[in-house]
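Asker: Read in order, the letters of the sequence shown are residues 2 to 1140 in my numbering. Questions regarding the structure given below will be posed in turn.
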Amino acid sequence: MLRRIIPAAFLLLSFTATSAWALTDRVEVSSPCVSADGKDVYFSAWGDIWVSDRKAEQLARQLTNSVADDDMPMLSPDGKWLAFGSDRHGSWDVMVMPASGGQPRRLTWSSDSEMPCAWSPDGTRILFSSGVDQAWQPTLWEVDLDGGAPRQLGGPDYLDRINGSYAGSADRVLIQRGVGDWWRRNYRGSFTYDIYSYDRGSHALTRLTKFDGLDAWPQGSPDGKTVYFVSDRNGSRNIYSIPLAGGKEPKKVSDFNGNGPTSLRLSTDGDEIACEAFGELWLVSSDGTGKQRVPVKIAADPKREWVLQRDENQVTDFHISPNGNYFLMEVDGDLHILKNPDSYKEDEKPDQDLSRTHHIIRDAGWERQFSWHPDGTSFVYVSDRSGQNELYLHDLQTGEEKKLTDSKEPEWAPRFAPKGERIAYVRGNTELRVMDLEDDTDELIYRGNVKRNDWVAGFDWAPDGYWLAFCSHQGNLFFDVYLANVETREPVDISQTPDNAMNPVFSRDGKWLAWSQSSQVFDESSAMLLRLVPEGNTYNDDLLFPEDRPREDENAEEEASDDDAAAGDEAAESDEVAGDGDAAGEDEEAVEDGDDEKDDESDKEEDKGPKYDPIEIDFERIHERYFPVGTQFVRGGAEIFDFDSKFLFFSTGGPGGGGLWAYDLDSGQESPLDGGFNGGNLHYGKDGKRLYYSGRGSIGYLELSGNQKRGQGSVPVTAEVNFDQRERWAEVLKDAWRQIGYNFYDSHMHGIDWDPVLPKYQKRLEGVGTTREFNRLLTEMVGEINSSHTWAYVPNLEGSAGPSDNTGFLGVDYDTSWPGPGWLVERSLQDGPADEPGHELYDGDVILAIDGKEIQPIDNRFALLRNKAGQIVRLRVKSGEAALAAEVDWQAKQDADEAKDGKDKKKDEKAEATYPLTADNGERELLLRLSGNEGRLRYQQWVVDRKDEVKELSDGRIAYVHLPAMFMGAYNDLFREIFGPQKDCDALIIDVRFNNGGNIHNELAELFSRRMFATVNPRGGPFSKEPSFTWERPVVMLINERAYSDGEIVPHVFQQLGLATLVGMPTGGNVIRSGGVSLMDGSGIATPADGFYMSTGLNTERNGVQPDIEVQVDPLLLEQGRDNQIEAAVKYLLEQLSK
């Protein structure tokens, strides 16, 4: 009998405040379910499982209380047990506990994630999804309530099988099958899900819905006649029903608007459906007669404190003051100042913690990107406290602040000119501007693409303060280096390169400019160096060789140099540095550089920085004069010139070395400075003898003498951090919303009104209790834009309940029909632990024991292999026929070696000791080192199987290559295959199914567009083609719904240019150039910044490529080891070859 649902407006709510715990009636709810009698609802909130009466007249009762996250509660049909998911062991596992509460019991044990889906109708088993043992997609498994070995339902598939439920009996299972992002609102295409029914007897799949949007979270009625599911087919997510037998259109059951329900759970009697809709708990009548919101209330002790005060030592960014006495740094989104401990004389250091910072800018906004005024009394920085990024000037002597900008666009990366009268900065994505503080003017210097997402490609002031070196790209996404005079404002492209040139830096004498440049063709980068005015060399033919130079003069020069250096050191030691008052003490004032009376006279005389005449630049052929340094390294980049402008320090990496190197500007010699260097953001101290840098959240330094490292060390930092977690989340949410609004490639935001989105989610933020809940909320907000390449990441602040499990894997496929005891090996994965010579497992072997533990039919394989990754285990194995045959072959080889070597018994004994031989009882023992991850092995085996299948079907005439991603490594693998082992094949299959993208579409299009135009014919030898490497034979490209990003661009290009015939399924239309944006608390989002349009005008975002020959994958054939998409590709190519 159907229960009558009372509208929420008529419910009487009682609410009593308590100060002991957080008490709230605005709770972020997920994965609810309802009891059979309809009296109670179970749900997840704040990382735990709760139960509440349906009227929410009382506080909900907490059933779990773990540091880890607990979610997805499911009530057993008899109401006695509650299954749920928990990540308390490092990954999601299925747990079970009494419905009234109690100690949870673990049912699944793999370090892969297992997500609970449904109870069987008789309550004896639980359906869950997991990607363990799969090459590609997660699938469905069962585990008994009493535990034991889990069982996989069906065989491999190329689409997800998730969120399953039973349809009246355990013999028929409903499956959400496909691939996609459920949080993308109103997506249309192939990158989505449909509902299927699965017959466990025949393994047959029957498709119940066919819609190019979202159909998800199926639930079967108790009588097995009706299927309930969520769909957005009418623009908003709602609940629909269809007969399991089919034949009718889906019927709408609920009437939600906007963000509708997710995570359905049908009651045991089938009367009503519990669901979550935009963070709220709802009960919907299954006959469509009404719905009720359940305003649950909880009193919870949060998993972490809301208001935090702690000491932090992770520095995000820092700059050292011009006199070297102070560090200005960003810590946790605020600005701090630390007095340089080395600015004290050794006998005058105060008796206090010199690592303690002074918290100088503290508010809920994000303060960052700062620059010191050259006199050290003020600094400029960026803050978003007003609602967007603006520039602020902070006076350290008075503590006063001045807002310098107030525009509609955000400001970025301010930098003072060398004399301090001007500030260069970036506005929006396209404006490089200079603000004159003396004239109170703000002028546009250059308009172009100077910024991408939240990073500026780099700019630097020349020492004279009149020239700026900066980077911009003009429509090709690759940056060039420009020079512009801030008064004439005439930019000159001085690099003119097809590569990516960024981060220019001037030498202090203004004679040199360097930058980093990365190749767009090869995986390499270099530091580039340019002399702004070329100078000729001076020659002396009397002293042409070093050995001809008089030693007396040389020694005299060295002594004079040493005397000058000593005098300089004494002068430096005698100088008192301005502003040495301590800024770290709690009751002391902030920094006041240049305010110490005893230093007043010396400060007046002291040269506070290099004073240069206007620098000279010769623009004639300037783009031809720069050259790379450090070319012996695969990767490198310009970092900084030395203090005296004699050396360029550049970073290196890749094969052949790494660290920090020095290039001598006079001799051109290169020498290592610090081979272990792994830092960035380099700054000199006052005298240039110490080079400070950022590395792994700390400040380090190198002691320098010319191009030699004399020592190194670090600057300890202890910064007190205070913040309210809810305020921090609110700031991160707002910043993420702003970043998408600033950077999204489509100014019309895919037709979405973006302004109302933020307040909608700000209201929901009130109920968030854990970082996982905030991550979901942030993800859903990003999903409003309905775009690919949108993701959100929030670091886990709660931590885990204990050490994470690390399952060991043997690297074999098992025969799941084997009743036991032991595990029957179906085959060993190529190059896996069980494929190592002398340690092989063969098909037909039965593993009887692991480390002396007998394997029983009920034993969970993953529990026995728990935390054995990387360990050596001893197996007792009953040898199958393949193993016995291998032993015969081995023995025959030994006999042959024995005859050949004259019966070397010592050698034979050693061989027998290393090769596991079967004993008279048919068993053998062997040792294996277990793998911690089978993903790579299963992918590699999948490729081998596909290649073998193509070879067999085509009798070796067709080559096969799979591209897992679009990076140069994959390009090189393809190149080696088609012009190496498979060069004599008559046709080619390029498989980009499951390709997750990259950026080599240009290289692939160029390679396959090459056509032979000549031959080279040596006398008496075979001719060779020009170009040497061309492929002018038929090509098929295999595609499917999982081809993503550049994995879609490539088939788009090949189809448009006629380079290949496409076989498979339509791709999802997930093509945008995207980049990640870091947020204040370490969170991040992706911001799609560039649309990709074909020359036909087609926007490839939300427009997947259509195959020339559409072929749906057949899972039943996959179970038999056949890939019907491969078969279709081979058939087509053989037909072409026969013409």
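Yeah, the Cβ is synthetic: ideal placement off N, Cα and C, and Gly gets one too.
Please state whether DSSP places K1 in a helix, a strand or coil.
Answerer: What the structure shows of the chain is the stretch from 2 to 1140, and residue 1 is not part of that stretch, so it cannot be assessed.
Asker: Assess, as a yes-or-no matter, whether the region 498-515 is touched by the region 631-642 under the definition of 3 or more beta carbon pairs within less than 8 Å.
Answerer: Contact annotation: the region 631-642 touches the region 498-515, with at least three C-beta pairs closer than 8 Å.
Asker: Measure the C-alpha to C-alpha separation of S603 and W373 and round it to an integer number of angstroms.
Answerer: With a pLDDT of only 44 at S603, under the threshold of 50, the placement of this residue in the model should not be trusted; the figure read from the coordinates follows. If you take the alpha carbons of S603 and W373, they lie about 22 Å apart.
Asker: Whose C-beta lies closer than 7 Å to the C-beta of S237 among residues of the same chain, with five residues either side of it excluded?
Answerer: F257, N258, G259 and G261
Asker: What separation, rounded to the nearest whole angstrom, lies between the Cα atoms of P419 and G698?
Answerer: 28 Å
Asker: Where G289 and D38 are concerned, what is the direct C-alpha to C-alpha distance, given to the nearest angstrom?
Answerer: 19 Å
Asker: In the DSSP assignment, what residue or residues form a beta bridge with T1141?
Answerer: The requested residue 1141 does not occur in the structure, where the chain is confined to residues 2 to 1140.
Asker: Put M1066 into one of helix, strand or coil per three-state DSSP.
Answerer: Coil at M1066, not helix or strand.
Asker: Three-state secondary structure (DSSP) at D896?
Answerer: Residue state, collapsed to three classes: helix.
Asker: Grab me the residues of R1012's own chain with a C-beta within less than 7 Å of its C-beta, minus the 5 sequence neighbours each way, in chain order.
Answerer: T1031 and E1033
Asker: Let me check one thing: in DSSP terms, what residues is Y1045 bridge-paired to?
Answerer: As far as DSSP is concerned, Y1045 takes part in no beta bridge.
Asker: How far does the alpha helix (DSSP H) with S955 in it reach, from first residue to last?
Answerer: Residues G936 to S955.
Asker: Classify T399 as buried or exposed, calling it buried when 16 or more other Cβ atoms lie within 10 Å of its own Cβ.
Answerer: exposed
Asker: Which runs of the beta strand (DSSP E), 3 residues or longer, sit entirely within the region 274-355?
Answerer: Counting only runs of 3 or more, we get 281-286, 292-295, 299-301, 308-313, 318-321, 327-332 and 335-340.
Asker: What residue from G669, F648, G638 and D665 has the CA that sits closest to G654's CA?
Answerer: G638
Asker: Suppose only complete runs of 4+ residues qualify. What are the alpha helix (DSSP H) ranges in the region 677-703, listed by chain order?
Answerer: none
Asker: Within a Cβ cutoff of 7 Å, which residues of the same chain sit near Y194, ignoring the five residues on either side of it in sequence?
Answerer: Cβ contact annotation for Y194 (same chain, cutoff 7 Å, sequence separation greater than five): Q177, R178, G179, G181, L215, D216 and A217, in chain order.
Asker: Measure the alpha-carbon distance for M116 versus D158 and round it to whole angstroms.
Answerer: 18 Å
Asker: Find the nearest neighbour of A864 within the set R27, V630 and P151, judged by alpha-carbon distance.
Answerer: P151
Asker: Taking the C-alpha atoms as reference points, what is the distance between M1066 and V1037?
Answerer: A direct Cα-to-Cα measurement between M1066 and V1037 gives close to 13 Å.
Asker: May I ask you to report which of helix, strand or coil DSSP gives Y467?
Answerer: coil
Asker: Any chance you could list the alpha helix (DSSP H) runs of at least 4 consecutive residues sitting entirely within the region 623-676, in chain order?
Answerer: 623-626
Asker: Looking at H320 and H337, is the spacing between their C-beta atoms short of 9 Å?
Answerer: No.
Asker: State buried or exposed for T772, treating a residue as buried only when at least 16 other CB atoms are found within 10 Å of its CB.
Answerer: buried
Asker: Do R1103 and N1041 have their C-beta atoms closer together than 9 Å?
Answerer: No; because the gap between Cβ atoms is not below 9 Å, this pair is not in contact.
Asker: Sort D224, Q518 and S264 by Cα distance to W75 and report the nearest one.
Answerer: The sequence given here places Met at residue 75; Trp does not occur at that position. Comparing alpha carbon positions, the residue from D224, Q518 and S264 closest to M75 is S264.
Asker: Is DSSP giving G132 helix, strand or coil here?
Answerer: coil
Asker: Should I859 go down as buried or exposed, given a rule of 16 or more other Cβ atoms within 10 Å for buried?
Answerer: exposed
Asker: In the DSSP assignment, find the beta strand (DSSP E) that holds P151 and state where it starts and stops.
Answerer: G148 to Q153
Asker: State yes or no: is the C-beta of G247 nearer than 8 Å to some heavy atom of the ligand FMN?
Answerer: The ligand FMN is not part of the structure shown, which contains no ligands of any sort.
Asker: Mapping the DSSP letters down to three states, classify L766 as helix, strand or coil.
Answerer: helix
Asker: Under a Cβ-count criterion, where at least 16 other Cβ atoms within 10 Å of its own Cβ denotes burial, should Q726 be classed as buried or exposed?
Answerer: buried
Asker: Decide if D233 is buried, meaning its Cβ has at least 16 other Cβ atoms within 10 Å, or exposed.
Answerer: buried
Asker: What does a CB cutoff of less than 7 Å around I786 pick up in its chain, not counting 5 residues either side in sequence?
Answerer: Here the set comprises I741, F745, M750, H751 and I753.
Asker: Helix, strand or coil, according to DSSP, for Q177 in the structure here?
Answerer: strand
Asker: Just to confirm my understanding: we take D816, look at its own chain, exclude 5 residues before and 5 after, and list those with CB closer than 7 Å. What are they?
Answerer: L825 and E827
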